[in-house]
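Data first, discussion second: the structure below is written as structure tokens.
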Amino acid sequence: MALDSRRMRRRIAILLSGRGSNFEAIAEAVVDGRIPEAEIVAVISDQPGAPGLARARDRKLPSFSVERRPGSSRKEHEAAVARILDEARPDLICLAGYMRVLSPEFVGRYRGRILNIHPSLLPKFPGLHPQRHALEARESVSGCTVHFVDEGTDTGPILVQRSVPILPGDTEESLSARILEQEHAAYPEAISKFFERSSNRG
Ligand code: GRF
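Counting from 895, one number per residue, gives the positions in the sequence shown under the numbering used here.
Below, the structure written as structure tokens:
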């Protein structure tokens, strides 16, 4: 019986480059069952010193550092990442602060199975520094978006959004912190939704 339930588990891979607080939020949600019947099968970072990778090791999760060495191509780097992924056989790949643009080939290989989180209410403010741009545009509301990854920059179909107010006196830091809190709830919610949908599809 134990073997059966293990076999049924949904397999999640995480790609990250930095702090890894979204990874932690996902890992916690797996542990406490908000993402039911799931396990994290690989945490991959392009930055060997990423704090998120250290957090993954602390949790005794399979962790991999795949650095892009000077002179090597994006293709070679992505091939090394794909080798690990294909060995780990994830049902879902979550970008959690992964600071590389994926090639159309990579996206195509895992189409419909890669999610990303972005700290704005997409389609507003794709790309870098969305919190700063929201403040500069004098928006009154911002938030975060979990979306499928396609070939564009933060353009794929949206799965979950959560909004936060922009308050008088907000700085990029204070707004980012308020959004981040919502990110930590939004990503687990989106992952559960993804798995619910895929099990409904049979
Ligand atoms: C988050 O704000 C996420 O939305 C963006 O990069 C940041 C990653 O933070 N894509 P962390 O590494 O998960 O703490």
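Don't be surprised by glycine CBs; every beta carbon is placed ideally from N, CA and C.
Secondary structure of residue i, DSSP reduced to three states
| i | result |
| --- | --- |
| S966 | coil |
| A907 | strand |
| S1034 | coil |
| E933 | strand |
| P1059 | strand |
| S915 | helix |
| V925 | helix |
| H971 | helix |
| M895 | With a pLDDT of 43 at M895, under the threshold of 50, the predicted position of this residue should be treated as unreliable, and no value is reported. |
| H1041 | strand |
Proximity test, Cβ basis, 8 angstroms: residue i and chain B
| i | result |
| --- | --- |
| P984 | Of the chains in the structure shown, none is chain B; there is only one protein chain. |
Residue interval of the alpha helix (DSSP H) (run including residue i)
| i | result |
| --- | --- |
| Q1076 | E1066 to N1094 |
| F1019 | From DSSP, F1019 is part of no alpha helix (DSSP H); its letter is neither H nor E. |
| G1002 | P998 to R1003 |
Where residue i falls, given that 16 or more other Cβ within 10 Å makes a residue buried
| i | result |
| --- | --- |
| D980 | exposed |
| E1077 | buried |
| T885 | For the chain, the structure presents residues 895 to 1096; residue 885 sits outside this window and is missing. |
| S957 | buried |
| A907 | buried |
| S939 | buried |
| G943 | exposed |
| G946 | buried |
Boundaries of the beta strand (DSSP E) in which residue i is found, first to last residue
| i | result |
| --- | --- |
| S959 | S957 to S959 |
| L989 | L986 to L989 |
| L947 | Here L947 belongs to no beta strand (DSSP E); instead the alpha helix (DSSP H) covers P945 to D952. |
| L1101 | Lying before the first or after the last residue shown, residue 1101 is absent from the chain, which here runs from 895 to 1096. |
Inter-residue CB distance, residue i and residue j (contact presumed, cutoff 8 angstroms)
| i | j | result |
| --- | --- | --- |
| A982 | A1028 | Contact doesn't hold; Cβ gap of about 36 angstroms is too wide. |
| S1086 | I1060 | The pair is not a contact, with the Cβ atoms about 28 angstroms apart (cut-off 8 angstroms). |
| L986 | L955 | Rounded, the Cβ-Cβ distance is 15 angstroms, inconsistent with contact. |
(request) Indicate whether the contact test is met: 3 or more Cβ pairs, each with one atom in the region 958-967 and one in the region 1008-1027, closer than 8 angstroms. (result) Verdict: no, contact absent.
(message) Does the structure place the region 1021-1035 close enough to the region 1054-1067 that three or more beta carbon pairs sit under 8 angstroms?
(response) yes
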